[in-house]
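Protein chains in written order, with this note's numbering: chain A, 14 to 350; chain B, 2 to 317.
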């Protein structure tokens, strides 16, 4: 793995300083040619495949298919379920549309119902979720980029301490901190404000760890030194040189942070009691509780909860399809090789 | 992560000494602007992590009584937390859960990654993204979705059993609900782990396989003797992450509690217990002590597993 404890000058002497764009292109080319080579090999070998190999090939395809089906079927279920009326939900097959006898195709009605139920509070929750995700995502990523840049290219007092604390807190269960957070924030009057959900998530040790690695790999120290000789301040170097070089890593950390904030449940559940501050996760849980409690939940159909769940999931699924590359690079940088 | 800075602290780090030698030639100078760049992170880290922990530690030394107000009670809250049978019951439950769930998710993810890497699958990108998709689903939504799917009469599982004329077991009963939760978490994280293994597998040079193939090794043999040993580090890392997830289990049981209140009580996991203490019991001092003790015990377990794992991944 990359040794992130090395000092900036040490890193310079041990790592060849290629520009990030170039090395990435090289990697991509190498991968492409490797793929071509493998395909060629496979095509050459194809006719030679023994019967045993053909059988094992089939077995591998079947196992993979079953795994993919296991992962995707619940999502298809959600998709079909959100097109059904409350009656259709219980009287039709889970992986197909309901026929007209059972209410037929009701997606639009469900969406309208979900967004208008309970004084149109669902829209508020969706907006809150977007606010939490964007503020936490951008905020924590920018903060991590600042600190990561400093650790990677500068020598300053406390650098080692910052590094060791970051590494130590990467594997601390975050929920252990949540109850203490609540106790402290209720003392200083932050509880039940949006800040109570935002501030704790702004420090993101895993994000800082990734940033340090990316910064060490992609910012040539010689370039920073040269800019300094020309009289540029670190502030200027960061925005003009470092950040553009860091941008792929920046997007990766942003994605992790954004998804973490979008999916967070425990922290807002604890911090918030005013419904109008809820994110979707806590709001949906409230609806589920209401529908179970017959005295309060009069008239909250399950189909609204399900449609609400679908709307909560769709933005992230779309982002996964379009931003696959960044997920991969983040995961492989985080992985110990 | 194998060399964490805390481990290096005592030893002379090679990179550091070489850095020092260089600096002798140059003029050694602190770059104070580094502090300015780190300040935002340090501030949010203090307010988001360190200060709350210290405050909870402080709270744990006091007790509020109906008569007499708040009094310093020394370690008694912590001693009580360490010997609290309700806490240990929850801890035992998540331990059993971890012992079953973590191997399942790791092995399934490993099998998937090895199949993707075998070169026998056409269009690798398709199964790769499909298996990763559940990671996009918030755990609350995942639990909600599966709770409908589990439905004995109307859910997908129920319908599946009816297809064969049977009746599905009640997955939300107190005997089976732990497995129902395991399934939800395995579903959500299998693809994440698979991608980590897959990206590590892609970094193994092909020559290693070719040499083994020339020696007549089967693909199974190569996977077992070359590929898995080569990604030991990734496996240890994911095991640690999965364990952390298992010991702080909260979201899924908390949500399912609304549907199956008989199967999940309010101290089902250590996290649910501290949550209940802090909100329902209103005993903040004791809640602070229990949450810190729970964190400490979890970190000890994880530390031991990480130590064994690092030893295993270092020797070949």
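Just so it is clear, CB atoms sit at the ideal spot from N, CA and C, and this is done for glycine as well.
Listed by position along chain B, the residues whose Cβ is nearer than 7 Å to that of residue 96/A form an empty set, because the closest Cβ is around 14 Å away.
In this structure, 95/A is the residue among 95/A, 69/A, 273/A with its C-alpha nearest to the C-alpha of residue 320/A. By the criterion of at least three beta-carbon pairs nearer than 8 Å, the segment 179 to 191 of chain A is in contact with the segment 207 to 219 of chain A. The continuous beta strand (DSSP E) containing residue 66/B extends over residues 63 to 66.
Residue 269/A sits close to residue 219/A, with the two beta carbons spaced by under 9 Å. The beta carbon of residue 157/B sits closer than 6 Å to those of 150, all from its chain and outside the five residues before and after it, given in chain order. In this structure, the straight-line span from the alpha carbon of residue 50/B to that of residue 180/B is close to 33 Å. Collapsing the DSSP output to three states places residue 73/B in a strand. Remark: fewer than three beta-carbon pairs, one from each stretch, lie closer than 8 Å, so the segment 242 to 255 of chain A and the segment 289 to 308 of chain A are not flagged as touching. For residue 85/B, the three-state secondary structure derived from DSSP is coil. Counting along the chain, the unbroken alpha helix (DSSP H) around residue 36/B starts and ends at 34 to 46. Taking 9 Å as the CB threshold, residue 230/B stays off the interface with chain A. Nearest CB-CB separation between residue 243/A and chain B: not below the 9 Å threshold. Annotated three-state conformation of residue 298/B is helix, per DSSP. Residue 183/B sits close to residue 98/B, with the two beta carbons spaced by under 9 Å. Taking 9 Å as the CB threshold, residue 174/B stays off the interface with chain A. In the structure shown, residue 260/B falls within a helical segment according to DSSP collapsed to helix, strand and coil.
Contact check between the segment 70 to 89 of chain B and the segment 290 to 298 of chain B: three or more CB pairs, one atom from each, fall below 8 Å, which counts as touching. Counting the other CB atoms within 10 Å of its CB gives residue 166/A a total of 16 or more, which places it among the buried residues. Taking the C-beta atoms as reference points, residue 265/A is found nearer than 9 Å to residue 223/A. Counting only the Cα atoms, residue 128/B lies some 36 Å from residue 114/A. Closer than 9 Å at the C-beta level to chain B, one finds these residues of the segment 74 to 104 of chain A: 74, 76, 77, 78, 80, 81, 82, 83, 84, 85, 86, 87, 88, 90, 91, 94, 102, 103, 104.
Neighbourhood of residue 160/A in chain B, by CB distance below 7 Å: 38, 39, 42, in chain order. Note on residue 50/A: under 16 other CB atoms within 10 angstroms of its CB, so exposed under the neighbour-count rule. Listed along chain B, no residue sits closer than 8 Å to residue 117/A by beta-carbon distance, the nearest being about 18 Å off. Look at residue 247/A here: in three-state DSSP terms it is helix.
The criterion of a C-beta distance shorter than 9 Å is not satisfied by residue 158/A and residue 274/A. Here the segment 92 to 106 of chain B lies against the segment 239 to 252 of chain B, with 3 or more beta-carbon pairs under 8 Å apart. Approximately 6 Å separates the beta-carbon atoms of residue 87/A and residue 146/B; this is inside 8 Å, confirming the contact. In chain order, 186, 187, 188, 189 make up the part of chain A whose C-beta sits under 8 Å from the C-beta of residue 249/B. The three-state reading of DSSP puts residue 151/B in coil, since its state is none of H, G, I, E or B. Residue burial is scored here from C-beta neighbours: residue 118/B has at least 16 other C-beta atoms within 10 angstroms and is therefore classed as buried. DSSP places residue 216/A in the coil class of the three-state scheme, outside both helix and strand.
In summary, residue 311/B is buried, with 16 or more beta-carbon neighbours lying within 10 Å of its beta-carbon over all protein chains present. Here the segment 168 to 180 of chain A lies against the segment 36 to 46 of chain B, with 3 or more beta-carbon pairs under 8 Å apart. Per DSSP, reduced to three states, the secondary structure at residue 154/A is helical.
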